[in-house]
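Numbering (our numbering), first residue to last: 3 to 109. Here's the structure we're looking at; comments come further down.
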């Protein structure tokens, strides 16, 4: 793979044209904000996630999709171009529940 552009290298693979839903459990926590979402942003920016990826966060904290995006923004700002960041954040959604065993909260 020496000298090969990794984006060109994977663009022919079928998974790049399919959808993907990623579930981040504990999405309101420090690990998610500081490690998980920045890693997902890096993969997204490098075209290493399918174009139709959707990222769903789940936790007990009550918040909206927009509130999640604003909580994530300080941890993601400056890591990619603003347009890439906005595209990534538009794919991030949030659902809260009373606990991780709350079956209705996962629906």
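For glycine and all other residues, C-beta sits at the position ideal for the given N, C-alpha and C. Keep in mind the model is a prediction, meaning the values are calculated, not measured.
Counting only unbroken stretches of 4 or more residues, the alpha helix (DSSP H) elements lying wholly within the stretch 59–95 are 67–78, 84–91, in sequence order. Counting along the chain, residue 23 sits inside the beta strand (DSSP E) bounded by residues 21–27.
Here the C-alpha atom of residue 17 lies approximately 6 Å from the C-alpha atom of residue 52. For residue 44, the three-state secondary structure derived from DSSP is helix.
Between residue 26 and residue 105, the alpha-carbon positions lie close to 16 Å from each other. When the alpha-carbon of residue 102 is set against those of 30, 19, 12, the nearest one is in 30. Looking at the backbone, the Cα of residue 46 and that of residue 12 are separated by about 13 Å. Between residue 97 and residue 15, the alpha-carbon positions lie close to 31 Å from each other. Taking residue 20 as the centre and dropping the five residues before and after it, the same chain places the C-beta of 52 closer than 7 Å to its C-beta, in chain order. For residue 72 and residue 61, the gap between their C-alpha atoms comes out near 16 Å. According to DSSP, residue pairing for residue 32 in a beta bridge does not occur.
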